Amino acid sequence: MVQIFHLLGSLFDSPLFRMALIAIFFTCKLSILFACLKHGTKSSTNRFLVSLFILFLSITLFEDLFYLIHRYMRFILLIEGPIPRIRFLSRINWALFITQFQAIAFFLEHLTTKKINFSSFLNILSLIVNGVISSAFLYIAFFNYHTLAPGPVQDAFTFYEITLTQICYAYLPFLFAPKFYAIYKKIQAKEIPTILSHQLQYLISFLIPYLFLETINSRNSYLGKPFAQLFKDSTYFIFPLATILCTYALYFMSKKMMGLRFLNIKKNVESKEKFNFLSQFKDILEQLNYATALKELAHLTQIFFQSAFAIPLGRTRLYIRKEVSEKADFGYFDIINIGEKVEYFLGLQENHLILQELKNSKIFIRDEIHFSYHYEEDNNNRNILEFLDSINADIFLPIYERNTITSYVIVEQNSRPYKLFTSKERDEMFVFTSYLNNIINILKYSNIELLHQRHKLLNEELYLKHQENNQYKESIRSFMRSSKDRKIGIVFYKNRRFSIANEAAQELIPIDINTALGHHLTQAFKTIAQRVQGYRVSQSLITRDTNGQRIVIAGVPSLEENVTILLVYYPEISDILKTQLDQLKDPSAWDYLLYLETTQSGQLINQLIPSNNEKLLAFKISLLETALSKKATLLQIPEHDLRETVELLHTISLRQTLHILKLNEPEKNHEAMIALCGLNSLMQKEESPALLEKLDSTGTLFIENIEYLSLETQDALAHYIAYGFFHKFKSEYKIFSNVRIICSTHQNLLNLTHNNSFSKALFNELQRTAVTMPLLTTLTKSEIDQLAQEYAEQIISTETCQNLLVLTEKDKIKLNTERPLSLRELREKVHQLLVVKSSKDNIAEITEFNAAYNITDPDIAQAVRLGKKALKDPQVMSFLWEKLKNQNKIATLLGVNRSSVNRRCIEYNLK
63 MVQIFHLLGS
73 LFDSPLFRMA
83 LIAIFFTCKL
93 SILFACLKHG
103 TKSSTNRFLV
113 SLFILFLSIT
123 LFEDLFYLIH
133 RYMRFILLIE
143 GPIPRIRFLS
153 RINWALFITQ
163 FQAIAFFLEH
173 LTTKKINFSS
183 FLNILSLIVN
193 GVISSAFLYI
203 AFFNYHTLAP
213 GPVQDAFTFY
223 EITLTQICYA
233 YLPFLFAPKF
243 YAIYKKIQAK
253 EIPTILSHQL
263 QYLISFLIPY
273 LFLETINSRN
283 SYLGKPFAQL
293 FKDSTYFIFP
303 LATILCTYAL
313 YFMSKKMMGL
323 RFLNIKKNVE
333 SKEKFNFLSQ
343 FKDILEQLNY
353 ATALKELAHL
363 TQIFFQSAFA
373 IPLGRTRLYI
383 RKEVSEKADF
393 GYFDIINIGE
403 KVEYFLGLQE
413 NHLILQELKN
423 SKIFIRDEIH
433 FSYHYEEDNN
443 NRNILEFLDS
453 INADIFLPIY
463 ERNTITSYVI
473 VEQNSRPYKL
483 FTSKERDEMF
493 VFTSYLNNII
503 NILKYSNIEL
513 LHQRHKLLNE
523 ELYLKHQENN
533 QYKESIRSFM
543 RSSKDRKIGI
553 VFYKNRRFSI
563 ANEAAQELIP
573 IDINTALGHH
583 LTQAFKTIAQ
593 RVQGYRVSQS
603 LITRDTNGQR
613 IVIAGVPSLE
623 ENVTILLVYY
633 PEISDILKTQ
643 LDQLKDPSAW
653 DYLLYLETTQ
663 SGQLINQLIP
673 SNNEKLLAFK
683 ISLLETALSK
693 KATLLQIPEH
703 DLRETVELLH
713 TISLRQTLHI
723 LKLNEPEKNH
733 EAMIALCGLN
743 SLMQKEESPA
753 LLEKLDSTGT
763 LFIENIEYLS
773 LETQDALAHY
783 IAYGFFHKFK
793 SEYKIFSNVR
803 IICSTHQNLL
813 NLTHNNSFSK
823 ALFNELQRTA
833 VTMPLLTTLT
843 KSEIDQLAQE
853 YAEQIISTET
863 CQNLLVLTEK
873 DKIKLNTERP
883 LSLRELREKV
893 HQLLVVKSSK
903 DNIAEITEFN
913 AAYNITDPDI
923 AQAVRLGKKA
933 LKDPQVMSFL
943 WEKLKNQNKI
953 ATLLGVNRSS
963 VNRRCIEYNL
973 K
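Here it is in structure tokens:
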């Protein structure tokens, strides 16, 4: 560290280094002088001010030039001894020394008062002192040009010269103190423009250190001697440091003041900051896209001006001018009639020049206009100032549409008192208002809510088509099998025995159908063979192979008597459809029939409703179509089937979170409204997210007993379903979200709507996608018998037990006599009958029932039905972990490996 200090000391003590330093700073000062000469002569109103500043810069340049000449002759030309010309220039420099500061003092006075009072006592005294000191130095310079011989005369001149320099430094505080005090008083009283006050602050912040450094730089000053004694041998630091600091201060001050319209050279306050408008304010611009009312734009404008320009909320106003036929409503409590004053100002014929200027400049900034008026004092600027003061505005920002002001933004006075509006910020305002103008036109001349509604409908239709395409692809993949799968097996049936005719049949039928008489494949083969032999026509059916895959058994009569040819193969699309196509009410829904039979979503629905009679098939297709869309759904099904149906729709929709809002009584105190939409943050201490916000894009909301919602909440829900956004309760702030809405009711909503007990808007929205399950009481006996038999096959896990435990005709009559209202009740009754049968037949110990039917908890039962698919549902896995707390139990329950459960627990962070 000491070595570095000595190195810097030797560098600063080097004459060549000092000369290079002064030369660089001489160039900087010269460039500032040329800038003033270039711009200052353009305005006739401030030439005197520019002249004073140029005089100051010229004298500082002369001082630097003198130093360079002196050092050049001493250290380059190596001239020793007294040099008359150098001594002459030195005394001229001292004669100009006090003049440069006198020029700055007058400059400050003229800058603040627009004139110089030469009759004041202080100015007269300063001119006399300046004249005496300058004349004295000039006298010494001209009449003591040649060096005098050593003696009393020379000593007298030396003493006289030193005394004059001391007087110069001692006089400087007395010269500037009154000026600084007068400036301070005017700034405090706000008697000068804001831009000018900022300029003066920068100027004074330069002058004070400059005066201080100039004073300590001379050994003859009252501060120079103490500093010289303090630093001892290190005084060589003072001069280069003083020069560096003074020049940098001058450069910094000039740059700042030029940006602040110094001497009214520029028309606007400039900024050198990087322009990154879009990256900084893209969130506000995005919110403008979702605005649906003009009043929302006022709030968004306030948010924009707060984030962009640090203007407090409430200090910015957006006014939209009304047409002649419209009522004058400016959207605010206009306590000082701002709207009327603006209309009056814009309507005055004598203001056409001002309005033309406004059209050209696109904005009125009070600080800018006040500053221009301070220098030029023209009538237009005065009228603009009076107008801005009357509406209490710092900024008046008009928005034009076809050369007509359609709206305007006003920023109140003193909204940002310590910072000026720069050119960069002006550009940001222009970009914002340009974008805002387009939104205003859309809102004024278009139905924006209708556009939002159409946009939402298009999104829902697009989503449905996308889901249908996925279902179709999944269906096609189920038929795209290997060449082995497409082989056709041939089996001959003769004299009550089956003969395998080819290798494909052996692969497709891995059991001996002649000995495994109880196997369902054997029974299927016998059924087809007997039908063909009996009716001598082709017969076919679809069953499942030993792996659970669909397989077709088709029989055709042979020319040989008592011989039947049986074909075995995996089904094609036509084979699937033709067996159930006759049951369709709407033949155009054949594609959904295909999805029911070949996709995972369809299998889940078939598991819940295994029958395919006409009514239930139509209900299953409606349920699948609803599950594939994301439209709000109204379920009108028995209460016991609600939970399973909702979970089924939620699972097929691939949503992560299911929230159930069950209403047992009519809504009170807007509880459901607050739960759904949230409450204005100003009206609650701890803000909790609304359900429609919390479940956005990931959740399903099931509202049970929708008729219990209040009419206000029903209207709010209908608005959300129609347009895709909601407002918090007691707030106009708009929030967009995407939540799957499912509602249920056991009431006749049409009658409630006619009685004004239910929202007509919500009724119309829910009727678009209403799913009604046919009552079991309307099904025929054969349809109930078929449904009960399908449930029995689901309940019994092993095929052997299915052959032993069969619903008898007596059981079926009992089920039809005590016919339940819901599918779940029917399933439970079938389960009870089978349990009783297994006990009577003494096979209860070997009977394996489906685990889902031995569980009373509906959530766990649903997980069991999902099987390995439950591993893909984070919500189901979280529920099972909370219930069981054991990976082995979860694996056993779902029928999967423990390693699969372990991987999912790690993925979902279940510990």
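Going by the numbering used here, the first residue of the sequence shown is number 63, and it counts up by one from there. Even glycine gets a Cβ: it sits at the ideal position worked out from N, Cα and C. None of these values were measured; they are calculated from a predicted model.
Asked	Found
Closest Cα partner of His781 within the set Ser196, Met735, Phe433	Met735
Cβ shell of Ile84 (< 7 Å), same chain only, five flanking positions each side left out	Asp126, Tyr129, Leu130, Thr305
Of the listed residues Thr608, Thr626, Leu656, Asn810, nearest to Lys588 (C-alpha basis)	Thr626
CB contact flag (Gly786, Lys518, <8 Å)	yes
Through-space distance from Asp429 to Tyr480, alpha-carbon basis	12 Å
Endpoints, the beta strand (DSSP E) within which Val868 is located	From DSSP, Val868 is part of no beta strand (DSSP E); its letter is neither H nor E.
Cβ neighbour criterion (16 or more within 10 Å) applied to Asn179	exposed
Backbone CA spacing between Asp440 and Ile501 [nearest angstrom]	37 Å
Beta-ladder partner(s) of Lys747, from DSSP	Answer is none; Lys747 lacks a bridge partner.
Buried versus exposed, by CB contacts within 10 Å (16 or more), Ala854	buried
Close Cβ partners of Lys951 (< 7 Å) along its chain, the five nearest in sequence each way excluded	none
Reference Ile427, options Ser369, Leu482, Ala198, Glu569, closest by Cα	Leu482
Separation of Ile765 from Glu755, as counted between CA atoms	16 Å
Neighbourhood of Thr122 by C-beta, 7 Å cutoff - its chain only, sequence neighbours within 5 removed	Lys91, Gln162
Straight-line Cα distance separating Asp489 from Glu332	Caution applies to Glu332, whose pLDDT of 47 falls short of 50 and renders its modelled position unreliable; the value that the coordinates give is listed next. So the alpha carbons of these two residues sit roughly 11 Å apart.
For Val801, the first and last residue of its enclosing beta strand (DSSP E)	Element bounds for Val801: n/a, residue is neither H nor E.
Which of helix, strand or coil DSSP assigns to Ala832	strand
Cβ shell of Asn878 (< 6 Å), same chain only, five flanking positions each side left out	Lys843, Ile846
N- and C-terminal bounds of the beta strand (DSSP E) containing Ala616	612–619
Spatial neighbours of Lys974 in its chain, beta-carbon cut-off 6 Å, leaving aside the 5 residues before and after	This structure cannot settle anything about residue 974, because the visible part of the chain is limited to 63 through 973.
Ser962 - DSSP class collapsed to helix/strand/coil	helix
Cβ contact check for the region 737–753 and the region 787–794: 3 or more pairs under 8 Å	yes
Buried/exposed call for Glu623, threshold 16 Cβ in 10 Å	exposed
Sufficient close CB pairs (3 or more, under 8 Å) joining the region 884–899 to the region 923–936	no
The ligand SAM heavy atom lying under 7 Å from the CB of Ile846	The ligand SAM is absent from the structure shown, which contains no ligands of any kind.
Reduced DSSP category for His789 - H, G, I as helix; E, B as strand; rest coil	strand
Asp637 in three-state terms, based on DSSP	helix
Enclosing alpha helix (DSSP H) for Val708 [first to last residue]	701–714
Alpha carbon of Lys891 to alpha carbon of Pro882, nearest angstrom	9 Å
Continuous alpha helix (DSSP H) stretch holding Ala157: start and end	146–175
Which listed residue (Leu273, Asn476, Leu447) has its alpha carbon closest to that of Pro374	Asn476
Local Cβ density within 10 Å of Met745, reported as buried at 16 or more and exposed below that	exposed
Distance CB(Ile768)-CB(Ser806) smaller than 8 Å	yes
Residues that His721 bridges to, as DSSP identifies them	Leu763
Cβ shell of Pro619 (< 6 Å), same chain only, five flanking positions each side left out	Val594, Arg598
Per-residue burial, Met491 [other beta carbons within 10 Å of its own, 16 or more giving buried]	buried
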